[in-house]
Amino acid sequence: MWQEYVFPQSVPQALEVLRAYAGTARIIAGGTDLAIQLKEDDGDVKCLLDITRLQELREITIEGGIISIGAAVTYREALASPLLQEKAPMLLEACREVGSPQIRNVGTIVGNIVNAQPAADAAIALLALDAEVEIASPVGLRREPLGSLFLDVGLCRVDPTDELVTKVLLRALGEDQGTAFERLAKRRALALPMLNVAAVVTVKGGLFQDARLAMGPVAPVPFRARKAEAFLASKPVNSESIAQAARLASEEAEPRSSLLRGSREYRKEMVTVFARRALERASAKWL
Ligand SMILES: Cc1cc2nc3c(=O)[nH]c(=O)nc-3n(C[C@H](O)[C@H](O)[C@H](O)COP(=O)(O)OP(=O)(O)OC[C@H]3O[C@@H](n4cnc5c(N)ncnc54)[C@H](O)[C@@H]3O)c2cc1C
0 MWQEYVFPQS
10 VPQALEVLRA
20 YAGTARIIAG
30 GTDLAIQLKE
40 DDGDVKCLLD
50 ITRLQELREI
60 TIEGGIISIG
70 AAVTYREALA
80 SPLLQEKAPM
90 LLEACREVGS
100 PQIRNVGTIV
110 GNIVNAQPAA
120 DAAIALLALD
130 AEVEIASPVG
140 LRREPLGSLF
150 LDVGLCRVDP
160 TDELVTKVLL
170 RALGEDQGTA
180 FERLAKRRAL
190 ALPMLNVAAV
200 VTVKGGLFQD
210 ARLAMGPVAP
220 VPFRARKAEA
230 FLASKPVNSE
240 SIAQAARLAS
250 EEAEPRSSLL
260 RGSREYRKEM
270 VTVFARRALE
280 RASAKWL
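Letter 111 of the sequence shown, counting from 1, is numbered 110 in numbering that gives the first Met the number 0, and no numbers are missing.
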């Protein structure tokens, strides 16, 4: 059972505490994943390092068209941000779905990333938005593409006993872009997703110039439907192109049969339906 609960005064001090505990200290933000994990198995955790009072990690800013969301920003704060409402509405569609008001009051977007579940709502939205994360470690600051962080179910390349994600970065929505987040769940609230699909399209002259389609859980990690994305490049924005892309996404997806989420066949069919819905809604301006 952990003995120490520390509020670091700065990121360098947080790294110093992690270094001093040599792997037995752990970053905690809202605790909505970690508290449950520690209850089941607290491993060798001796100290919890709470980052929620670090003001530098609580900011949402934009510079040169790049939005930065601090690692201690909660879902509730993200949902209340006029900047995100205007420039990243699809991320907020995903944030609105997470858990319950109590969870959204304390849970963080970055905690959702590092916890690395294949159906993590905010992580899937950010994957389609081609986000990056900034990581502070004993060897300095680095930026990593979000997609490169996910190794397996619950396994992230960021080691929260040794390094700290400071922020997540994403490009603000452009005039020539459309986005949508579609979610299938057993209930309208406090239900983990059976399927999430996030779409981002860029359209020029009635043609898809670029399309990104992220979804989960259809693989051990949040998943990009690369074949469907490649198919849409330079295709006309119409229901035929979208229907074909949705079929391709379903072919690529590898969901397993699950008591909670339905049979493999049902889930593959739902990928076709929800990928089509997300692409249609993201392309609505041009359809
Ligand atoms: C009842 C309930 C319902 C939920 N519903 C949903 C849902 O619908 N959709 C969904 O996606 N999730 C859901 N979750 C999971 C959870 O709420 C989210 O994943 C949330 O975003 C986790 O954020 P947190 O700040 O609480 O993370 P924490 O629990 O504090 O941390 C999670 C992990 O990330 C690490 N970590 C946190 N911040 C950093 C950082 N800055 N740098 C390095 N490591 C860090 C921690 O060490 C830990 O390993 C639910 C959880 C509960 C309990």
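Even glycine gets a Cβ: it sits at the ideal position worked out from N, Cα and C. Nothing here was measured: the structure is a model prediction, and the numbers come from that model.
- Just so you know, the alpha carbons of Leu-14 and Gly-69 end up roughly 17 angstroms apart.
- Excluding five sequence positions before and after Ala-227, the CB atoms of its chain that fall closer than 6 angstroms to its own CB belong to Leu-212, Ala-244, Leu-247 and Ala-248, given in chain order.
- Around the beta carbon of Met-89, 16 or more other beta carbons sit within 10 angstroms, so the residue counts as buried.
- The Cβ-Cβ distance between Asp-161 and Leu-17 falls below 9 angstroms.
- Comparing alpha-carbon positions, the option among Gly-205, Glu-174 and Ala-119 lying closest to Leu-154 turns out to be Ala-119.
- The Cβ-Cβ distance between Ala-127 and Ile-108 does not fall below 9 angstroms.
- With distances taken between CA atoms, Leu-47 lies nearest to Leu-163 out of Ala-224, Arg-280, Arg-225 and Leu-163.
- A check of alpha carbon separations from Ile-59 across Leu-258, Tyr-74 and Lys-45 identifies Tyr-74 as the nearest.
- When beta bridges are read from the DSSP output, Ile-66 appears opposite Ile-61 and Leu-169.
- In terms of CA proximity to Ala-93, Phe-180 leads the group Phe-180, Gln-12, Arg-276 and Pro-144.
- Counting along the chain, the unbroken alpha helix (DSSP H) around Arg-276 starts and ends at 263-281.
- Exposed is the label assigned to Arg-142, since fewer than 16 other Cβ atoms lie within 10 Å of its Cβ.
- Inter-residue distance for Leu-82 and Thr-178 is about 16 angstroms (C-alpha atoms, whole angstroms).
- The beta-carbon separation of Phe-6 and Arg-57, rounded to 13 angstroms, does not stay under the 8 angstroms limit for a contact.
- Between Thr-201 and Val-10, the C-beta gap is not smaller than 9 angstroms, which leaves the two residues out of contact.
- In the three-state scheme derived from DSSP, where H, G and I count as helix and E and B as strand, Asp-158 is classed as coil.
- Ligand 1 approaches Gly-29 closely enough that one of its heavy atoms is under 8 angstroms from the residue's Cβ.
- The count of Cβ pairs closer than 8 angstroms, one atom from the stretch 129-136 and one from the stretch 94-107, stays below three, leaving the stretches out of contact.
- If you look at Met-89, you'll find it in the alpha helix (DSSP H) that goes 88-96.
- Around the beta carbon of Ser-238, fewer than 16 other beta carbons sit within 10 angstroms, so the residue counts as exposed.
- Sequence-distant partners of Ile-66 (beyond 5 residues in either direction) whose C-beta falls short of 8 angstroms from its own C-beta, in its chain, are Ile-59, Thr-60, Leu-82, Leu-83, Lys-86, Ala-87, Leu-168, Leu-169, Arg-170 and Ala-171.
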